[in-house]
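Trainee: First the structure, which I've put down as structure tokens, then a few questions once you've had a look.
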Amino acid sequence: MRFAYFLHFGALGGALATGRAELRQVHSRFVGTAANFPEKCGPKVIRLALDILERKATPSEVFTRHQIITPGNVDHLHPNDALMTVIKTPA
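Under this note's numbering, the first residue of the sequence shown carries the number 224, and numbering increases by one thereafter.
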């Protein structure tokens, strides 16, 4: 029997909650997803914007740190996922 293994790279946000949930499934063939931690980009962007406004030399490219999220590290990197629930209100 052949098995397919999947590595997901999300264009927007990466490591979305649905992908992280799939990584926690015992028999999933989903092996990983990329996280780009957009919540940590703000300080870099602000510093870059201020440097541009002050006419300082700025790099031609700015990179953000990415990390592969796997079944082995998903709970460590996203420990609060269990607290996220959908609350349905009556229509």
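Heads up, the beta-carbon is just placed ideally off N, CA and C, and yes, glycines get one too. It should be emphasised that the depicted structure is a prediction, and the values quoted were computed from it without experimental measurement.
Can you round the beta-carbon distance between Pro294 and Arg247 to whole angstroms, since I take them to be within the 8 angstroms contact cut?
Mentor: Contact flag correct, Cβ pair sits at about 7 angstroms.
Trainee: What whole-angstrom Cβ distance do Leu271 and Val285 have, given they're in contact under 8 angstroms?
Mentor: Confirmed, about 6 angstroms.
Trainee: Is the distance from the Cβ of Cys264 to the Cβ of Thr281 below 8 angstroms?
Mentor: No, they are not a contact pair.
Trainee: Can you say whether Ile292 is buried or exposed, counting buried as having 16 or more other CB atoms within 10 angstroms of its CB?
Mentor: Buried.
Trainee: Out of Ser251, Gly255, Val249, Thr241, which has the shortest C-alpha to C-alpha gap to His289?
Mentor: It is Gly255.
Trainee: Tell whether a beta-carbon distance below 8 angstroms holds between Ala257 and Asp304.
Mentor: No, the pair does not count as a contact, with Cβ atoms beyond the cut-off.
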